[in-house]
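Peer 1: Every number in this note's numbering is 11 more than the matching position in the sequence shown, counting from 1. We put the CB at the ideal spot given by N, CA and C, even for glycine. These figures come from a predicted structure and were not determined experimentally.
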Amino acid sequence: MTQTTLPVSPRQTIRQQIRLRRRALTTDQQLRFAEQAASRMMAFPPVVMARTVALFLSFDGELDTRPLIEQLWRSGKQVYLPVLHPFSPGNLLFLHYHPQSDLVMNRLKIYEPKLDVRDVLPLSKLDVLITPLVAFDAQGQRLGMGGGFYDRTLQDWQQYALTPVGYAHDCQFVEKLPVEEWDVPLPAVVTPSKVWMW
């Protein structure tokens, strides 16, 4: 019996390489980079002006969002986190997140606020949406984990008064990503050392 191996796509290869790069960062580097990126994001004009900011809880070596969440709370911003939509597979809802929020682990093994419809904020009411990403390139293209959640969420972002911005380590930059028709480029990405804008 012969074993067939499925071809690995260039996007999958990039995901694997960048995730290894992220995981190779030391604890000290992670802490330092998280503080630097949080300071840079807090000075980003759309965040300065925002009342409502959605972002994510980090995992798998992603840039730690906890320092940023703390700074957003201290500055009086309302913070929202993504929740897997219970009735619309592949889509996200954004729920208000505060220090007393109950978190539950979803089917993707990511913590999210416990679903309460009273805490849901429609995309049209969000000022800034800070997105996770695996890699980004010099044109603002974003490569996610492959589930398409943020591509679906952002496909019509221009119709809202919403600013999407990626949040990543500097080591997640690649010169040029292979692009698919459903990919939604970002107008900005914030890293510990730089604000990229397109």
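Give the straight-line distance between the Cα atoms of Gln150 and Asp113, rounded to the nearest whole angstrom.
Peer 2: Computed Cα separation, rounded: 38 Å.
Peer 1: Within a Cβ cutoff of 7 Å, which residues of the same chain sit near Gln166, ignoring the five residues on either side of it in sequence?
Peer 2: Correct list, in chain order: Val195.
Peer 1: What first and last residue would you give for the alpha helix (DSSP H) that runs through Leu92?
Peer 2: Note, Leu92: premise wrong, no alpha helix (DSSP H); beta strand (DSSP E) at Gln89 to Leu95.
Peer 1: Who are the near neighbours of Val190 in its chain, counting only those whose CB is closer than 7 Å to its CB and skipping five residues on each side?
Peer 2: Taken in chain order, the residues that qualify are Gln152.
Peer 1: Per DSSP, which residues does Pro21 bridge with? Please list them.
Peer 2: Paired residue(s): none; Pro21 is not in a bridge.
Peer 1: Quick one: complete alpha helix (DSSP H) runs, 4+ long, within the segment 31 to 83?
Peer 2: The qualifying runs are 38 to 53 and 56 to 60.
Peer 1: Can you tell me whether DSSP reads Thr164 as helix, strand or coil?
Peer 2: If DSSP states are grouped into helix, strand and coil, Thr164 belongs with the helices.
Peer 1: State the Cα-Cα distance for the pair Thr64 and Leu83, rounded to the nearest angstrom.
Peer 2: For the record, residue 64 in the displayed sequence is Val; it is not Thr. About 8 Å.
Peer 1: Mind checking who Leu154 pairs with in its DSSP beta bridge?
Peer 2: In the DSSP output, where bridge partners are listed per residue, Leu154 has Ala146.
Peer 1: Less than 8 Å between the beta carbons of Leu126 and Pro97, yes or no?
Peer 2: It is a contact, given that the beta carbons lie within the stated cut-off.
Peer 1: Confirm, please, whether the CB-CB distance from Asp138 to Arg85 is below 8 Å.
Peer 2: No, they are not a contact pair.
Peer 1: Determine the extent of the beta strand (DSSP E) in which Pro256 is found, giving its start and end residues.
Peer 2: Past the edges of the chain, shown from 12 to 209, lies residue 256, and the structure says nothing about it.
Peer 1: With distances taken from CA atoms, which of Val58, Glu81, Gln27 and Gly72 is nearest Glu46?
Peer 2: Minimum Cα distance to Glu46 is reached at Glu81.
Peer 1: Report the residue from Val58, Gly101 and Pro57 whose alpha carbon sits nearest the alpha carbon of Arg163.
Peer 2: Residue Gly101 is the option with its Cα nearest to Arg163.
Peer 1: Please list, in chain order, all residues of the same chain as Ser69 whose beta carbon is under 8 Å from its beta carbon, the five residues on each side excluded.
Peer 2: Closer than 8 Å at Cβ, skipping near neighbours: Asp75, Thr76, Arg77 and Pro143.
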